[in-house]
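S.K.: Input: one structure, supplied below.
Residue numbers (this note's numbering): 48 to 462.
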């Protein structure tokens, strides 16, 4: 039995489809409905030779230097669903199902590879190289969900973006293929999308699939056709049309609108899955401007607001969107795992639950609150647009508290 992969959506848009020379990236993270996502920042760091890093399930060699990263992650694991680093690299992953069953034995999760790529890669291509090297060395596997009763395993796909280019990386076990993108609008979701345009691949990929009898070597090599189960590699992307309709005008706001759209299916709200967190990043192609990353930190983007984050030194940490830490007592760290589920809700998550129940019990009040919240979001978007269009260099002091203040203001409105 192969469980359906959660239907997350990731997007990237390049000029001239997006405006003002901006690369725009976005992702909705569809996960089990009750899972909490937190937004966490880790400063750049130097590490002693020979030191190790404890990922979700396994320990691997650490590198001498890791970049500063901001991540949106299910709070029980080490890695991330999506995030960015100080060099303007963004990575998001998708759980996918291929004709090869994903391994249940504990290795790296696709989500660990998101964080490792961001911590170790200063460009999109570097992050891709990091991910495939680690895949080769350690493999991928282990439970994708905090569930003690059954093991849910998937293969991984990634959208890796920087100011100049994007890579779509799709994997099955340690085998992989990737396509480079520098124009237009691209969407990836929970199924394979690479066909015959492959710009990089595992050196043994074609030999491997021939040995499995999945490809005879005579026809064009089509990655999705070779690796998909039956015929489920369809054009998955309902959100792409709405982005393309924007003409050359895709902005952070346009990406947010697409992520909020429930009718298209991009904003998932089903019996098993919910969009538990969302991200939108704006990467100016001109490196003298800063990248801006917007996070919700809360479920359902149609009821959440996107709050901006900019990398500067000594950026202020935001404990109110961080889940409580249980250290070594965490049931996710003990074997057998997940024997109980601790309360991982952070302060902003709890405030949102309250707002949701308000909306359900008193629609007028709920809608009024949402209008106030959207107005707050709009102020943030306009302030960021100002930063990205002015001529003088950004003063770091101006944005060191940016994300902190936005979360704080949001909480005040709920109170």
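Cβ coordinates follow ideal geometry from the N, Cα and C atoms, glycine included.
Among 173, 53, 59, 51, whose alpha-carbon lies nearest the alpha-carbon of residue 288?
M.R.: In the chain shown, residue 288 corresponds to position 241, counting from 1. Comparing Cα-Cα distances from residue 288 to each of 173, 53, 59, 51, the minimum goes to 59.
S.K.: What does residue 132 pair with, by DSSP beta-bridge criteria?
M.R.: Translated into the one-based positions of the chain shown, residue 132 becomes position 85. Its beta-bridge partners are 116.
S.K.: If you drop the 5 nearest sequence neighbours on each side, which residues of the same chain put their C-beta closer than 7 Å to that of residue 269?
M.R.: As a first step, residue 269 is located in the chain shown; it is residue number 222 there, counting from the start. Same-chain partners within the cutoff: 242, 243.
S.K.: Is DSSP giving residue 280 helix, strand or coil here?
M.R.: Counted from its first residue, the chain shown places residue 280 at position 233. The predicted position of residue 280 is uncertain, since its pLDDT is 49 and thus under 50; a value taken from the coordinates is nonetheless stated next. Three-state result, residue 280: coil.
S.K.: Step through the CB atoms of chain B and report whether any lies within less than 7 Å of the CB of residue 248.
M.R.: Reference to chain B is not applicable here, since this structure consists of a single protein chain.
S.K.: Report yes if the CB atom of residue 239 is closer than 7 Å to the CB atom of residue 196, and no otherwise.
M.R.: To locate residue 239, count along the chain shown from 1; it is residue 192. To locate residue 196, count along the chain shown from 1; it is residue 149. No, these two residues do not count as a Cβ contact at 7 Å.
S.K.: So residue 53 and residue 142 are supposed to be a Cβ contact under 8 Å. How far apart are they, rounded?
M.R.: Indexing the chain shown from 1 puts residue 53 at position 6. Indexing the chain shown from 1 puts residue 142 at position 95. Contact holds; Cβ gap of about 6 Å.
S.K.: Given a cut-off of 7 Å, decide if residue 83 and residue 391 are closer than it, judged by their beta-carbon atoms.
M.R.: Stepping through the chain shown from its first residue, residue 391 is reached at position 344. Stepping through the chain shown from its first residue, residue 83 is reached at position 36. Result yes, Cβ atoms of residue 391 and residue 83 sit closer than 7 Å.
S.K.: Given residue 356, which residues of its chain have a CB within under 6 Å of its CB, disregarding the five upstream and five downstream residues?
M.R.: Numbered from 1 along the chain shown, position 309 holds the residue referred to as residue 356. 117, 340, 450.
S.K.: Let me confirm a value: residue 237 is counted as buried when at least 16 other C-beta atoms fall within 10 Å, else exposed. Which label applies?
M.R.: The residue given as residue 237 occupies position 190 in the chain shown. So residue 237 counts as buried.
S.K.: Evaluate the contact criterion for the segment 88-96 versus the segment 222-232: three or more CB pairs, one atom per stretch, below 8 Å.
M.R.: Contact between the segment 88-96 and the segment 222-232 is absent, because fewer than three Cβ pairs lie under 8 Å.
S.K.: Starting from residue 413, trace the alpha helix (DSSP H) in both directions and tell me its first and last residue.
M.R.: As a working mapping, residue 413 is identified with position 366 in the chain shown. Run containing residue 413: 410-436, per the alpha helix (DSSP H) assignment.
S.K.: Would you kindly check if the distance between the Cβ of residue 146 and the Cβ of residue 332 is under 7 Å?
M.R.: Start at 1 with the first residue of the chain shown, and residue 332 comes out as number 285. Start at 1 with the first residue of the chain shown, and residue 146 comes out as number 99. Cβ distance not < 7 Å, so residue 332 and residue 146 don't count as in contact.
S.K.: What distance in whole Å lies between the Cβ atoms of residue 460 and residue 420, which are believed to be in contact at a cut-off of 8 Å?
M.R.: The residue labelled residue 420 in the question sits at position 373 within the chain shown. The residue labelled residue 460 in the question sits at position 413 within the chain shown. Sure, about 6 Å apart at Cβ, within 8 Å.
S.K.: Inspect the beta-carbon positions of residue 353 and residue 315 and report whether they are closer than 7 Å.
M.R.: Here residue 353 corresponds to residue number 306 of the chain shown, with the count starting at 1. Here residue 315 corresponds to residue number 268 of the chain shown, with the count starting at 1. Not closer than 7 Å, so no.
S.K.: Which whole-angstrom value describes the C-beta separation of residue 369 and residue 406, a residue pair presumed to lie in contact below a C-beta threshold of 8 Å?
M.R.: For the purposes of this step, residue 369 is identified with residue 322 of the chain shown, where counting begins at 1. For the purposes of this step, residue 406 is identified with residue 359 of the chain shown, where counting begins at 1. Not a contact, Cβ separation roughly 25 Å.
S.K.: Let me know the secondary structure DSSP gives residue 121 once reduced to three states.
M.R.: As a working mapping, residue 121 is identified with position 74 in the chain shown. Strand.
S.K.: Assuming the contact rule is C-beta atoms closer than 8 Å, residue 379 and residue 123 should be a hit. Round their C-beta distance to whole Å, please.
M.R.: Counting from one through the chain shown, the residue named residue 379 turns up at place 332. Counting from one through the chain shown, the residue named residue 123 turns up at place 76. Right, their Cβ atoms sit about 4 Å apart.
S.K.: Check whether the segment 107-114 touches the segment 297-316, taking contact to mean three or more Cβ pairs, one atom from each stretch, closer than 8 Å.
M.R.: Touching, no, given that fewer than three Cβ pairs across the two stretches are closer than 8 Å.
S.K.: As an exercise, report each continuous alpha helix (DSSP H) stretch of at least 4 residues that is fully enclosed by the segment 339-420, in chain order.
M.R.: Listed in chain order, they are 394-408.
S.K.: Quick one: residues in its chain with C-beta nearer than 7 Å to the C-beta of residue 441, no 5 flanking neighbours on either side, listed in chain order?
M.R.: Locating residue 441 in the chain shown gives position 394, where the first residue counts as 1. Closer than 7 Å at the Cβ level, and outside the excluded window around residue 441, lie 337, 434.
S.K.: From what residue to what residue does the alpha helix (DSSP H) around residue 271 run?
M.R.: On the chain shown, position 224 is the one that residue 271 refers to. It spans 270-274 - the alpha helix (DSSP H) in which residue 271 sits, taken as one unbroken run.
S.K.: Whose C-beta lies closer than 7 Å to the C-beta of residue 295 among residues of the same chain, with five residues either side of it excluded?
M.R.: On the chain shown, position 248 is the one that residue 295 refers to. If we look at residue 295 and ignore the five residues flanking it on each side, its Cβ neighbours are 63, 64, 66.
S.K.: Tell me whether the beta-carbon of residue 207 lies closer than 7 Å to the beta-carbon of residue 175.
M.R.: Translated into positions along the chain shown, residue 207 becomes position 160. Translated into positions along the chain shown, residue 175 becomes position 128. Contact flag set, yes.
S.K.: What is the rounded straight-line gap between the Cα of residue 427 and the Cα of residue 182?
M.R.: Working through the chain shown from its first residue, we reach residue 427 at position 380. Working through the chain shown from its first residue, we reach residue 182 at position 135. Approximately 39 Å, taken between the alpha carbons.
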